[in-house]
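Scroll down for the structure; my scribbles are underneath it.
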Amino acid sequence: MKSTVIFTQTISELEIQIKSTIDSGFKPTLAIVFAGLQTNLDAISALFHSYNIQIIGTTTAGEIGNAMIQQKGISALFLDLSVDHFRILQRAADYKTAIDVGKELGNTAKGIFDNPAFVMVFAMNINGESLVKGITSAVGGFPAIFGGMAGDNMEMKHTFTFTNQENGDNLVTVLVLDNDKVAVQGMALCGWQPIGLENIITKATDNVIYEINDEPALNVVKRYFGEYFANSLDQESVPLGAAQYPLQILRGEEYVLRAALDADERNGSLYMAGPVQQGDVFRFSVAPGFEVVDETIAGFQSYATNHPQADALIMFSCVARHMSLGPMIEEEIEGIYNIWKKPMAGFFSYGEVGQHGLGTSHFYNETCSLVLLKEIDNPN
């Protein structure tokens, strides 16, 4: 499978590069597109449709192209994959219906391929954890599920996903791949280290934490970390605190990170970037200095020992991770790209889906989730 990345700032530049790519003899059938919120999504869809290239796309909080990053541009991974080896599905969903939509997507995918794998993008008002649970329960076993929650440059208002035909702010858009024809593998790494004692979420609904250890959640956070979360109207301090001190929640033998997006002084609650459960046990966590970048790169280097080959890479990296690491995020992305040195596209997301540790798929925050795509050689 051949692949290439086009990394531009405008749709006109994108069109010029698509035409140049095709004129060179590369005939892509599929593109995975990451675009800034201000981009004309209808124009992008129409452009790809005119070249008969199917697309799955999302708005972002920043784009990744090979070893580079940018804001409010376009990054697109082009593949010449056989159209018999993939399908694109799209469904409307919200926070409450996500698990049922996930089950329906999983059942539909099983009807198309015996061994489906999933790369998905979804709007910020959709429960990513429930999506993963729904797909997993329908498919059974440990399906390969990767993806990211759409972004809107930290405006936190409306995020969009799109195909050639439709875009919307309430959609799950899924690339289903035949995992017997295209190996879909990957890993999610965060590098954040737990600090302090274990805590218990004693009152919560969906992605809102009301009480920790039977007291207002915001009071607990203030006692640990001062006034980072003190003013819910301060749109800079809240994300900064979220980036620095996410919750590390136990999920069986593994853990997932949850970052706070906002705080409500009136009732002492925290609005999280992903779902939590009453009774969840967690520890606060912190990045152990900039060595987290070296540790993340080393983790992917170790993974490459057993997964040395890829035709293309997709990266879903949390925007809060970007905020916390600052310019060091560029070193992390470049280091990961240089391990395989294959075309890589991605975006800074509001949540990530990937596999960590035991191979089960989870919805994360503050995490870098990497996907490797490798066409399986046909013995005939």
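Reminder that position 303 of the sequence shown reads as 320 in the numbering used here, one-by-one numbering, no gaps. Here a beta-carbon is modelled for each residue, glycine too, at the ideal position from N, C-alpha and C. Quick caveat, the model's predicted, so the values are computed rather than measured.
TODO: Work out the CA separation of residue 277 and residue 225 for me, nearest whole Å.
DONE: 9 angstroms
TODO: Determine the burial state of residue 129: buried for a count of at least 16 other Cβ atoms within 10 Å of its Cβ, exposed for fewer.
DONE: exposed
- [ ] Quick one: using the 10 Å Cβ neighbour count with 16 as the cut-off for buried, is residue 284 buried or exposed?
- [x] exposed
- [ ] Determine contact between the region 295 to 308 and the region 323 to 336, defined as no fewer than three beta-carbon pairs at a distance below 8 angstroms.
- [x] no
Task: Contact under 8 angstroms by Cβ, residue 20 with residue 181 - done: no
TODO: Kindly indicate which residue of 381, 210 and 134 has the alpha-carbon position closest to the one of residue 193.
DONE: 134
Open item on the list: Is it the case that the region 360 to 377 contacts the region 187 to 201, given that we only count it when at least three CB pairs across the two stretches are under 8 angstroms?
Closed with: no
Task: Terminal residues of the beta strand (DSSP E) in which residue 279 lies - done: 277 to 281
- [ ] Pick helix, strand or coil for residue 342, following the three-state DSSP scheme.
- [x] helix
- [ ] Can you grab the Cα-Cα spacing for the pair residue 46 / residue 18, in whole Å?
- [x] 11 angstroms
TODO: Could you name the residues that DSSP lists as bridge partners for residue 286?
DONE: 281
- [ ] Using beta-carbon positions only, say whether residue 94 and residue 22 come within less than 8 angstroms of one another.
- [x] yes
TODO: Classify residue 64 as helix, strand or coil using the three-state DSSP reduction.
DONE: helix
Open item on the list: Taking its Cβ as the centre, do 16 or more other Cβ atoms sit within 10 Å of residue 74, making it buried, or is it exposed?
Closed with: buried
Task: Separation of residue 101 from residue 391, as counted between CA atoms - done: 15 angstroms
Task: Spatial distance of residue 41 from residue 328 (CA atoms) - done: 19 angstroms
Task: Rounded separation between residue 145 and residue 223 - CA only - done: 11 angstroms
TODO: On a CA-only basis, which of 50, 57, 70 and 26 is nearest residue 36? Give me that one, please.
DONE: 70
Open item on the list: For residue 187, which residues in the same chain have their Cβ closer than 8 angstroms to its Cβ, ignoring the five residues on either side in sequence?
Closed with: 109, 110, 111, 140, 142 and 143
TODO: With distances taken Cα to Cα, identify the nearest neighbour of residue 190 among 324, 347 and 118.
DONE: 118
Task: Neighbourhood of residue 356 by C-beta distance below 8 angstroms, restricted to the same chain and skipping five residues each side - done: 314, 317, 318 and 321
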